[in-house]
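Peer 1: For the sequence shown, full-length UniProt numbering begins at 1 and goes up steadily by one.
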Amino acid sequence: MSDQLEEIFARTRPMAVQAIRPPGAEAARRTVRIRRRRQVVSVAAAVVLALVGGVVVGLRPPPPPKRELPANPVELTQTAKAALGTSATPAAVEGATELTPAWSASSDIYHGVLTLAATCAGTGEFTLLVIGRPGSESQRTEPVELARLKVPCSKRPVPVQTEFEMAGVIGIDYKISDSTVAPRSAGFAYRVTSDTGAPLIKGDDKANPTAALKLTSDKGFGSGGSTSAGRGGFKDDLPSHVGVDFKILAACTGHGTLEVEILKKSGKVVDTVRVPCSWPPKRFDFRPARGSGDLYYRISYDATEGESTDFMVQFVPN
């Protein structure tokens, strides 16, 4: 630094010292107050933002509901079939399908007391009908309703069931009625089982009481047919070649008891044999008491009113 500059600084130093004053205690307090105010304002602003943010969040609209996929008839049918479960005995008729008002099916005629079970997955409800086509011998011309089962549909289907018999008809149809089910919105499953165990159809020897007797000759005299409980039975003379010393072979279908009475012409009962009926029918052998003179027999069926039986009774001379 030149001598001239040093001289200038030396002359101005006393004047600068006088112009520059230290801040002092009051200035320090003022600075602290300003800093504190700034901190309070910052905190308050943060609280207001948090509250406003909370209100904004609270006023947000709820998320739109999840859109359900259209019903899948295949999956609904599988759900209904699974809900129906399995059967402890072989099924006479069973199936699973999409529910439509025009659905129908047919089946053979089965013996015994039949149980119709059904279940439906989806929405709505319907009625499952079992319609019999009468034969000419029944003197009926119009189809006859054998069973009517109301089936509710749901996401968690529960089976419902009813019982019926196929007596007096030559054909069976299954139909849908009174349906409130929208198109492609339900699937159902159904099953028919028989109290005969393995289902027995007409023409099956296992269901034939004559076949159950396993006769090896036509010796004697036979009487067979169908009768119902409460009909009072029927009677006829025993042919003379049967004599008064004979055996009775008998078999019958159903759950009741077949009664075979041997009577004198006077009406006095010589003996009564009782045949337990079953599915399939079984042979029973009886040796009734001997009578004397002309005899006749009377056959009746003891069971719940309305039940029927097919039977065969053979009188075989000893």
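Every residue gets a Cβ at the ideal spot worked out from N, C-alpha and C, and that includes glycine.
#1: Cutting at 8 Å between CB atoms, please list the residues of its own chain near Val-47, excluding the five before and the five after it.
#2: Grab me the residues of Lys-202's own chain with a C-beta within less than 7 Å of its C-beta, minus the 5 sequence neighbours each way, in chain order.
#3: Given this structure, state the Cα-to-Cα distance separating residue 319 from Pro-199, to the nearest angstrom.
#4: Does the Cβ-Cβ distance between Tyr-296 and Gly-256 come in under 8 Å?
#5: Are the CB atoms of Thr-119 and Pro-159 nearer to each other than 8 Å?
#6: For chain C, check one thing: does any of its Cβ atoms lie closer than 8 Å to the Cβ of Ser-278?
#7: Starting from residue 324, trace the alpha helix (DSSP H) in both directions and tell me its first and last residue.
#8: Hey, Ala-71 and Gly-124 are a contact pair by Cβ (cut 8 Å); roughly how many whole angstroms apart?
#9: Could you name the residues of the same chain whose beta carbon sits closer than 6 Å to that of Arg-140, not counting the 5 residues immediately before and after it, in chain order?
#10: Below 8 Å on the Cβ atoms is my guess for Gly-171 versus Leu-99; work out the distance and round it to an integer in Å.
#11: How many whole angstroms separate the CB atoms of Lys-265 and Asp-294, which I take to be in contact at a CB cut-off of 8 Å?
#12: With C-beta atoms as the reference, is Ala-117 less than 8 Å away from Leu-84?
#13: When you compare only the Cα positions, how much space is there between Ala-88 and Pro-101?
#14: Quick check on this structure: which residue in Ala-229, Pro-157, Gly-243, Gly-95 has the alpha carbon closest to the alpha carbon of Thr-79?
#15: Quick one: give me the first and last residue of the beta strand (DSSP E) that Val-144 is part of.
#16: Residue range of the beta strand (DSSP E) that Leu-128 falls in?
#17: Strictly by DSSP, which residues pair up with Leu-249?
#18: Are Phe-315 and Leu-258 close, meaning C-beta to C-beta below 8 Å?
#19: What did DSSP end up calling Thr-217 once you bin it into helix, strand or coil?
#20: I need the straight-line Cα distance from Thr-97 to Asp-310, nearest angstrom please.
Peer 2: Result, derived from the coordinates:
#1: Looking up residue 47 in the sequence shown gives position 47. Confidence is the limiting factor: at Val-47 the pLDDT is only 41, short of 50, which leaves the residue's position unreliable and the question unanswerable from this model.
#2: Reading the sequence shown from its first residue, position 202 is the one you call residue 202. Contacts found: Ile-109.
#3: For the chain, the structure presents residues 1 to 318; residue 319 sits outside this window and is missing.
#4: Taking the sequence shown and counting its residues from 1, the one referred to as residue 296 is at position 296. Taking the sequence shown and counting its residues from 1, the one referred to as residue 256 is at position 256. No, they are not a contact pair.
#5: Taking the first residue of the sequence shown as position 1, residue 119 is located at position 119. Taking the first residue of the sequence shown as position 1, residue 159 is located at position 159. In this structure, Pro-159 lies closer than 8 Å to Thr-119 by Cβ.
#6: Note that chain C does not occur in the displayed structure, where there is just one protein chain.
#7: This structure cannot speak to residue 324, because the chain is shown only from 1 to 318.
#8: Here residue 71 is taken as the residue at index 71 of the sequence shown, counted from 1. Here residue 124 is taken as the residue at index 124 of the sequence shown, counted from 1. With a Cβ gap of about 11 Å, Ala-71 and Gly-124 do not count as contacting.
#9: Residue mapping note: residue 140 aligns to position 140 of the sequence shown, counting from 1. If we look at Arg-140 and ignore the five residues flanking it on each side, its Cβ neighbours are Pro-134.
#10: Residue 171 sits at position 171 when you count from the first residue of the sequence shown. Residue 99 sits at position 99 when you count from the first residue of the sequence shown. Rounded, the Cβ-Cβ distance is 23 Å, inconsistent with contact.
#11: Residue numbering aside, residue 265 sits at position 265 when the sequence shown is read from its first letter. Residue numbering aside, residue 294 sits at position 294 when the sequence shown is read from its first letter. The pair is a contact, with the Cβ atoms about 5 Å apart (cut-off 8 Å).
#12: Your numbering for residue 117 matches position 117 in the sequence shown. Your numbering for residue 84 matches position 84 in the sequence shown. A contact, by the Cβ cut-off of 8 Å.
#13: Reading the sequence shown from its first residue, position 88 is the one you call residue 88. Reading the sequence shown from its first residue, position 101 is the one you call residue 101. Those two C-alpha atoms are separated by around 30 Å.
#14: As a working mapping, residue 79 is identified with position 79 in the sequence shown. Among Ala-229, Pro-157, Gly-243, Gly-95, the Cα nearest to that of Thr-79 belongs to Pro-157.
#15: The residue you call residue 144 lines up with position 144 of the sequence shown. Counting along the chain, the beta strand (DSSP E) containing Val-144 begins and ends at 144-154.
#16: Position 128 of the sequence shown, counted from the first residue, corresponds to residue 128. Note, Leu-128: beta strand (DSSP E), 125-134.
#17: For the purposes of this step, residue 249 is taken as the residue at position 249 of the sequence shown. Answer by DSSP bridge pairing, in chain order: Asp-285, Gln-314.
#18: Along the sequence shown, one-based indexing puts residue 315 at 315. Along the sequence shown, one-based indexing puts residue 258 at 258. No.
#19: In the sequence shown, counting from the first residue as 1, residue 217 sits at position 217. With the sequence shown as reference, residue 217 is identified as Ser, and Thr is not the correct amino acid for it. Correct three-state label for Ser-217: coil.
#20: Translated into the one-based positions of the sequence shown, residue 97 becomes position 97. Translated into the one-based positions of the sequence shown, residue 310 becomes position 310. The alpha-carbon atoms of Thr-97 and Asp-310 are separated by roughly 36 Å.
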